[in-house]
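These notes concern the structure reproduced below.
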Amino acid sequence: MQAKGADKRLKIAGSPLLGVFSCCTEEAVLVPPETAPGAMATLERWLGVPPIKISVAASSVVGSLVCANSRGFVLTPHAGDEEMKRLSSWGKVVRLPGKISAAGNVILANDTAALIHPGLSDRACESIKRTLGVDVRRGTVGGLKTVGMTSAVNNRGVLAHPRLSEAELAELEDLFGLPVDVGTVNFGSPLVGSGVLANSNGYVAGEDTTGPELGRIEDTLGLMG
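Taking full-length UniProt numbering, the leading residue of the sequence shown gets 1, the next gets one more, and so forth.
Here it is in structure tokens:
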């Protein structure tokens, strides 16, 4: 990887909350239709995967409404048929069953495991397991149930909310089998997942992320050197 710098920081849809508006896997990065060409180029450069412009449930908050990995996509139950059909060429696609609809906010997943909101049903748990092909457990991060927004995970590490408890740390390490550390994004925001997009190739952080925060992202997610 190249040295960290300002060109790894950007806005999507005018916001540094990259994880709210976008969703990244080892194969692609989903971005809202209004994403600027410069941001598209930055994403492709640092993540090493093609950006795909798409709306989900006619909304731009793609990262909040979708959780994905190399095998598939779990979407809000409000996702449209055409949106699902478009994504089907990249993997399995399913609507998250139940009343909890913001799939990206409530599922933290990579290619081997997923931590999910404690309130998700057994049916939802099985649907996530089948679609993403991962081990699934319910849990919290920093006492928060919206685990997808609390943390960033790739296939090399987990960067979590700074209020992560010892018990939650042990659970994450056991579930993902990866190094786990805590950090912040966008000049002190504890909702790491809201400000980082990462895969095994690299990462991009929200425009307000500081140099020390970038260093922690790179170190914890195994993207140094």
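Here a beta-carbon is modelled for each residue, glycine too, at the ideal position from N, C-alpha and C.
query: Cβ-based neighbour list, residue 113, same chain, cut-off 7 Å, excluding 5 preceding and 5 following; result: 134, 135, 175, 176
query: The segment 10-17 contacting the segment 30-43, beta-carbon criterion three pairs below 8 Å; result: yes
query: Runs of alpha helix (DSSP H) lying entirely within the segment 1-73, each at least 4 residues, in chain order; result: 18-21, 37-47, 62-65
query: C-alpha distance - residue 121 paired with residue 100, whole-angstrom precision; result: 9 Å
query: Identity of the residues DSSP links to residue 206 by a beta bridge; result: 10
query: C-alpha gap between residue 123 and residue 129, whole angstroms; result: 10 Å
query: Residue 135 - containing beta strand (DSSP E), residue span; result: 135-138
query: Own chain partners of residue 68 with C-beta closer than 6 Å, once the 5 adjacent residues on each side are dropped; result: 23, 25
query: Which listed residue (14, 47, 35, 17) has its alpha carbon closest to that of residue 28; result: 47
query: Burial state of residue 88 (16 or more Cβ within 10 Å); result: exposed
query: Validate contact between the segment 49-69 and the segment 212-224 using beta carbons, cut 8 Å, 3 pairs; result: no
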